Amino acid sequence: MGKANANQPATKADLNSFESKLRSEMQGVKSELKADINRLDDRVKGLDDRVKGLDDRVKGLSGEILKNSFKIDRLTDRLNTEFATKGDINRVFNLLDAIAGDIKSCQRKDALRGEAVMRREKQLAGHETRITLLEEKK
Numbered sequence: 014m015g016k017a018n019a020n021q022p023a024t025k026a027d028l029n030s031f032e033s034k035l036r037s038e039m040q041g042v043k044s045e046l047k048a049d050i051n052r053l054d055d056r057v058k059g060l061d062d063r064v065k066g067l068d069d070r071v072k073g074l075s076g077e078i079l080k081n082s083f084k085i086d087r088l089t090d091r092l093n094t095e096f097a098t099k100g101d102i103n104r105v106f107n108l109l110d111a112i113a114g115d116i117k118s119c120q121r122k123d124a125l126r127g128e129a130v131m132r133r134e135k136q137l138a139g140h141e142t143r144i145t146l147l148e149e150k151k
């Protein structure tokens, strides 16, 4: 637009000049948009590759989870069949308590028998002394 006053109507030359400036600016915007779209396309492709890699990892992890689930099921079955329950352990402890009681009873009886044997030995020693004295008197 020439050096016209803002109150004057635009001429054909002014409009053509404005149109060419607008077209060149539009070309710049278009090329910037194309560059931005190409960069975004590249980023999307990179993201697609990463998502595909994550999908593969998830598939691998799901397989591992499935394997571990089977292992846990087998271990649970073993625990239920091969290992002692609280009831089993209580029965064993009750038997051990009974055996310990029997052992203590036998120990007490042995101690009493030992005392009786010691008394008998003293009596025998006394009898031997009396017998030897009686034999000497004869």
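If you count by our numbering, then the sequence shown holds residues 14 to 151, one letter each, in order. Cβ atoms here follow ideal geometry from the backbone N, Cα and C, with glycine treated the same way. Just so we're clear, the structure is a prediction, and the values are computed from it rather than from any experiment.
> Taking just the CA atoms, how far does E95 sit from E134?
Replying inline: 56 angstroms
> With respect to the alpha helix (DSSP H) encompassing T145, which residues constitute its N-terminal and C-terminal limits?
Replying inline: 99-150
> Is A19 helix, strand or coil by DSSP?
Replying inline: coil
> Over what stretch of residues does the alpha helix (DSSP H) that includes T89 continue unbroken?
Replying inline: 25-95
> How many Å lie between I85 and N93 at the Cα?
Replying inline: 12 angstroms
>> Taking its Cβ as the centre, do 16 or more other Cβ atoms sit within 10 Å of M14, making it buried, or is it exposed?
In response: A caution first: M14 carries a pLDDT of 45, below 50, which makes its placement in the model too unreliable to give a value.
>> Can you give me the C-alpha to C-alpha distance between V57 and P22, rounded to a whole angstrom?
In response: 49 angstroms
>> Only counting the same chain, and skipping five residues up and downstream in sequence, which positions put a Cβ closer than 8 angstroms to that of N81?
In response: none
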